[in-house]
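Undergrad:
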C-alpha cells in the first residue's frame, strides 16, 4: 500500500477537526470551559499507561484496514515546586515514517499547558506555553518551530490533550460544553462544541459491561458531514472508545485491557 493511502484519512481528519469550531456567545445553555474557572476535575485524571487500537475503515476498500497502536502514559510529578501532569503519547504502525511522539507538561491544578513537543518521523516541533502566548523552544535541538510565536487573548487548552480534557469534564445528561482549544503550531485558539448526547452500556474487550456517557462533536467541511463520538465511563471517567465518521470513512479507537504489554519497555534503546 502506498504511504499516501495511509496518510490521507489522518490528514483529512485533522483538517476537518480544525473546521469544527464554535463561538460560545452564539448559543444558550452552554457550559464554557476555560482555564482557571475550576470546571475541570483534575483529580479525575488517573496516572498510568493506557493503550488503544486505532484503525481506519474505508468502506470502498473492503479488504483493507489501516491500523496503529496509540499509547497514553500519564504521570504526576513535581517540577520547580509545582505539581504537573507529564503526558507521553506514542503511535506505532508498520511504517517508521508514521511514528508519532507527543510530550506535554501541564499544571496539575487547572491543566494549563506549560510545554509541548511533537515528533512525526524525524520532524520535531517543540513549544513553551503559557496563558499569554506559545513560542518555539529555542533550546531544543533541531526544533523546526524554534521561531514560531502565537499570542493569545486568554489561556487555552492543548487540543492534543482533548481526551484527557474530556475525562475531567463534569459530564451529565443534556450538558453541552464549549472548550477553548488550541492546536500547537497553527493559528489562533477557538471554542469547540461538544454535547452529551446520551449514555450507553458498552461491552469492553474483556467482556465487562460499562455504563458510559457519549460525548459528540459535529461539523461540516465542504459539504461533508463530520461526526466524532467519545464513550467515557461514568464511574472511572476514562475514554473506552472513540468513533469518527468522515467522508464516507471511519476511524475507531478502542481501549485495550490490562493484558496488553508495555511495548516501549521492550524496544532496544538506540
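Residue numbers (the working numbering): 14 to 283. Ideal placement from N, C-alpha and C gives every residue a C-beta, glycine not left out.
What three-state label does DSSP hand residue 31 in the structure shown?
TA: If you number the chain shown from 1, residue 31 lands on position 18. Caution applies to residue 31, whose pLDDT of 44 falls short of 50 and renders its modelled position unreliable; the value that the coordinates give is listed next. Here residue 31 sits in helix by DSSP.
Undergrad: Are the CB atoms of residue 254 and residue 240 nearer to each other than 9 Å?
TA: For this step, residue 254 is matched to residue 241 along the chain shown. For this step, residue 240 is matched to residue 227 along the chain shown. Contact: no.
Undergrad: Taking just the CA atoms, how far does residue 121 sit from residue 171?
TA: Position 158 of the chain shown, counted from the first residue, corresponds to residue 171. Position 108 of the chain shown, counted from the first residue, corresponds to residue 121. Approximately 14 Å between the Cα atoms of the pair.
Undergrad: Rank 128, 270, 195 by C-alpha distance to the C-alpha of residue 97 and give the top, closest one.
TA: Indexing the chain shown from 1 puts residue 97 at position 84. It is 128.
Undergrad: Taking all protein chains shown into account, decide if residue 91 is buried (16 or more other Cβ within 10 angstroms of its Cβ) or exposed.
TA: Within the chain shown, residue 91 is the residue found at index 78, counting from 1. Residue 91 is exposed by the Cβ-count criterion.
Undergrad: Who are the Cβ neighbours of residue 151 in its own chain at under 7 Å, not counting the five residues just before and after it?
TA: In the chain shown, residue 151 corresponds to position 138, counting from 1. Within the same chain, residue 151 has close Cβ partners 159.
Undergrad: By Cβ distance below 6 Å, which residues in the same chain neighbour residue 211 in space, the five residues on each side in sequence not counted?
TA: Residue mapping note: residue 211 aligns to position 198 of the chain shown, counting from 1. 227, listed in sequence order.
Undergrad: Would you call the stretch 137-156 and the stretch 172-186 touching, i.e. three or more CB-CB distances under 8 Å?
TA: Judged by Cβ distances under 8 Å, the stretch 137-156 makes no contact with the stretch 172-186, as fewer than three pairs qualify.
Undergrad: Taking C-alpha atoms, which residue in 83, 191, 75, 119 lies nearest to residue 93?
TA: Working through the chain shown from its first residue, we reach residue 93 at position 80. Out of 83, 191, 75, 119, 119 has the C-alpha closest to the C-alpha of residue 93.
Undergrad: Helix, strand or coil for residue 173 per DSSP?
TA: In the chain shown, residue 173 corresponds to position 160, counting from 1. Of the three classes helix, strand and coil, the one that applies to residue 173 here is helix, per DSSP.
Undergrad: Considering only the alpha carbon of each residue, which of 147, 271, 140, 185 lies closest to residue 43?
TA: Sequence index remark: in the chain shown, residue 43 carries index 30 (1-based). Closest option to residue 43, Cα to Cα, is 185.
Undergrad: For residue 23, which three-state DSSP category applies?
TA: As a position in the chain shown, residue 23 is number 10, starting the count at 1. At residue 23 the pLDDT is 44, less than 50, meaning the model places this residue with poor confidence and gives no usable figure here.
Undergrad: Spatial neighbours of residue 274 within its chain, please: C-beta separation below 6 Å, excluding the five flanking residues on both sides.
TA: For the purposes of this step, residue 274 is taken as the residue at position 261 of the chain shown. Excluding residues within five positions, none has a Cβ falling inside 6 Å.
Undergrad: According to DSSP, is residue 258 helix, strand or coil?
TA: Position 245 of the chain shown, counting from 1, holds the residue named residue 258. Residue 258: strand per DSSP, three-state reduction.
Undergrad: Within 8 Å, do at least three Cβ pairs link the stretch 191-203 to the stretch 211-226?
TA: No, they do not touch.
Undergrad: Measuring alpha carbon to alpha carbon, tell me which residue in 136, 132, 168 is nearest residue 147.
TA: The count along the chain shown starts at 1 and reaches residue 147 at position 134. Answer by Cα proximity: 168.
Undergrad: Just curious, the beta strand (DSSP E) that residue 148 is in, first and last residue?
TA: Translated into the one-based positions of the chain shown, residue 148 becomes position 135. Element bounds for residue 148: 146-149.
Undergrad: Taking the continuous beta strand (DSSP E) assigned at residue 155, which residues delimit it?
TA: Walking along the chain shown from the start, residue 155 turns up at place 142. It is not in any beta strand (DSSP E) - residue 155 carries neither H nor E in the DSSP assignment.
Undergrad: Going by DSSP in three states, residue 139 sits in which element: helix, strand or coil?
TA: Stepping through the chain shown from its first residue, residue 139 is reached at position 126. Looking at residue 139 - three-state DSSP - the assignment turns out to be strand.
Undergrad: Considering residue 207, what are the terminal residues of the beta strand (DSSP E) in which it resides?
TA: For this step, residue 207 is matched to residue 194 along the chain shown. Segment 203-216, the beta strand (DSSP E) holding residue 207.
Undergrad: For residue 108, does the count of other Cβ atoms within 10 angstroms reach 16, so buried, or fall short, so exposed?
TA: Position 95 of the chain shown holds residue 108. Per the 10 Å Cβ criterion, exposed.
Undergrad: Smallest Cα separation from residue 70: which of 263, 144, 95, 256?
TA: Here residue 70 is taken as the residue at index 57 of the chain shown, counted from 1. Nearest of 263, 144, 95, 256 to residue 70, Cα basis: 263.
Undergrad: Kindly give me the distance between the Cβ atoms of residue 243 and residue 181, rounded to whole angstroms, as I take these residues to be in contact under 8 Å.
TA: Indexing the chain shown from 1 puts residue 243 at position 230. Indexing the chain shown from 1 puts residue 181 at position 168. Rounded, the Cβ-Cβ distance is 13 Å, inconsistent with contact.
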